[in-house]
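A short write-up of the structure that comes next.
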Amino acid sequence: MTEQFAGRWISESSENVEAFMQALGSNWIMQKLASNLPIKIEMEVKIDGNHGKINIYTIIKNFNLEFELGKEFEDTGGDGKKKMSTFTFEEGKLIKIEKATKVGEKDTKNVTFIENGKMIQIAECDGVKCTRTFIRV
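Taken in order, the sequence shown gives residues 5 to 141; the numbers are from our numbering.
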């Protein structure tokens with residue numbers, strides 16, 4: 005059930021973010037900011053049936069997403085580039101596929117699941133994965 009993701013979450017740890025940002029093609033400054041600053045990410049997730057809303061707050065930038073499971077929509081990725089994104093829910097995991105809209109840009113896959121009361125988010129680009137762990141607040 006997607007309801008397990010609903011609530012407020014704050015980041016606890018991040019792994020391999022700089023390598024992921026490099027694979028994504030982000031500039032050097034963004035790579036360093038994303039991986040070296042002690043940035044806490046706060047996330048608020050609301051789920052109502054197939055409709056979801058995710059608000060992400062950081063000291064650098066805030067993101068707001070609204071989606072319907074299984075329906076593609078225009079999105080701005082974490083790298084600031086336009087993407088066509090689709091959320092699905094499979095085997096207890098919330099999956100977001102981001103398709104690049106321009107030649108030379110990269111597709112990404114984000115898999116989010118709950119494990120031992122924590123929300124785990126694994127992002128992948130060109131075989132490079134980064135993991136963020138969140139705790140419920």
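The beta-carbon is built from N, C-alpha and C at its ideal position, and this holds for glycine as well.
Top-ranked residue by Cα proximity to residue i, from the options
i	options	result
I139	T6, E7, I14	I14
A127	G84, F71, K100	K100
I43	T6, Y61, K85, G74	Y61
T116	A27, V49, M25, F24	V49
I63	E72, G74, E46, G53	E46
G142	N54, I58, G53	With the chain covering only 5 through 141, there is no way to say anything about residue 142.
T112	N68, E119, C129, E76	C129
I51	Q8, A27, G121	Q8
V107	Q125, K122, G121, K86	K86
E76	T105, F67, G53	T105
G56	T6, Q125, N66	T6
Bridge-paired residues (DSSP) for residue i
i	result
F138	S15, M123
F9	None; F9 has no bridge partner.
Residue i in three-state terms, based on DSSP
i	result
K113	strand
8 Å Cβ cutoff, residue i in contact with chain C
i	result
N54	Annotation note: the requested chain C is absent from the structure, which comprises a single protein chain.
Which ranges does the beta strand (DSSP E) cover as unbroken runs of at least 3 residues, wholly within the segment 21 to 108, from first to last along the chain?
46 to 52, 55 to 61, 66 to 72, 77 to 80, 86 to 94, 97 to 104
request  = Could you tell me whether the segment 18 to 33 touches the segment 119 to 136, using the rule of 3 or more Cβ pairs below 8 Å?
outcome  = A contact exists between the segment 18 to 33 and the segment 119 to 136.
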